[in-house]
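Numbering (our numbering), first residue to last: 17 to 382.
I have placed the structure first, in the form of structure tokens, so that the comments after it can refer back to it.
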Ligand SMILES: *Cc1c(COP(=O)(O)O)cnc(C)c1O
């Protein structure tokens, strides 16, 4: 079969996908209320749950919408009249804070440096100082804006000893970085189809233990479309979305998950790490440095300090790379003088070599 045109997306999602994933969308028109689609939902959900936990108590509730929809479903459905603490050490932490404020949720912001690990004892002191007891703690597993990997295991111990529910945005970690929701006692975790799973954009999901979902019956959600308990009930009762699902995207997600199972989550992370090692060594040779030190790095997405050369312009570099079939992303970033390169998706070391080669050529032009 003819190969599809391939763009190398080195932006942090949506990622480069395989031809099989792209083609999986082309199916005869289908009503999502038919049995075969219900079976597909069940299969996709259980493949995802299996990545997060081994116990079959864990369930995955899908939503039509990008990763933000799943994060927002968690924030707006689980805190209720409780008091939320959000760890803000990057753009995605800040986004959860904005969500909480938009829904009028009682929230405290714990600010932590963009490029350093969270100081757990300081965080504990901060939470203990609150006038109202903290009931939920929200954190981003992999802060995609910098590449900083937060230590969920330490945070989970803190939450356990203080009887706090841990809410995790794992959108850019899921499918590559190991996750053990059961061991870490994470109440709810958000993920999406179009990052390390290598599916197409349009579906996101929330994973949690069945008893955690059941507890939501007593929590007054502040939303409608993103109501996690109602979506859970629909999945439980009818194996259905509450509203029209992105049917074709779900077929692509199924294929992407099959490919992930075939490669293995560990092996996928190893492939990404090989790409990252090659990438960062190459960047270093070109005089470009990372914002976050390797020790605390996800090795999936890197914020890179911009060249200091006066004739450097991000837009020009972006355009130059684009002409060579490569897309990178700046985004609304702190620190301001950085850009991002992601090494996730259906890519190999050959693609990274190509990128480095083009980058070197670009740097000679400035
Ligand atoms: C990509 C991402 C999201 C979701 O962003 P969308 O634009 O909605 O896909 C949420 N959190 C993190 C950490 C992410 O990397």
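Beta carbons are placed, not taken as given, at the ideal position from N, Cα and C, and that holds for glycine.
Owing to the predicted nature of the structure, the values given are computational and were not obtained by experimental measurement.
Coarse secondary structure for residue 372, derived from DSSP in three states: Here residue 372 sits in helix by DSSP.
Any non-hydrogen atom of ligand 1 within 7 Å of residue 188 CB: At least one heavy atom of ligand 1 sits closer than 7 Å to the Cβ of residue 188.
Exposure label - residue 55; buried when at least 16 CB within 10 Å: exposed
Paired residues, beta bridge with residue 110 - DSSP: Paired residue(s): none; residue 110 is not in a bridge.
Any non-hydrogen atom of ligand 1 closer than 7 Å to residue 32 Cβ: no
Ordered list of beta strand (DSSP E) runs contained in the region 112–183, each at least 3 residues: 123–127, 152–156
Beta-carbon gap between residue 323 and residue 372 smaller than 8 Å: no
First and last residue of the uninterrupted beta strand (DSSP E) at residue 104: 100–104
Collapsed DSSP secondary structure at residue 364 in the structure displayed: coil
Under the three-state DSSP convention, the category residue 344 falls into: coil
Residue 171 beta carbon less than 8 Å from that of residue 203: A distance of 8 Å or more separates the beta carbons of residue 203 and residue 171.
Proximity below 8 Å, CB of residue 100 to CB of residue 123: yes
Top-ranked residue by Cα proximity to residue 326, from 374, 218, 381: The shortest C-alpha separation from residue 326 is found at 381.
Endpoints, the beta strand (DSSP E) within which residue 223 is located: If you look at residue 223, you'll find it in the beta strand (DSSP E) that goes 219–225.
Beta bridge counterpart(s) of residue 313 as assigned by DSSP: 164
Residue closest to residue 77, alpha-carbon to alpha-carbon, out of 105, 220, 38, 42: It is 220.
Cβ-based burial, residue 391 [other Cβ within 10 Å; buried from 16]: There is simply no residue 391 to check, as the chain begins at 17 and stops at 382 in what is shown.
7 Å CB neighbourhood of residue 160 in its chain, flanking five on each side removed: 28, 108, 188, 317
Touch test, the region 18–37 against the region 220–235, Cβ-Cβ under 8 Å, three pairs minimum: no
Given residue 217 as reference, the closest of 275, 70, 264 once Cα atoms are compared: Across the set 275, 70, 264, the C-alpha of 264 shows the shortest separation from the C-alpha of residue 217.
Residues bridged to residue 357 (per DSSP): 318
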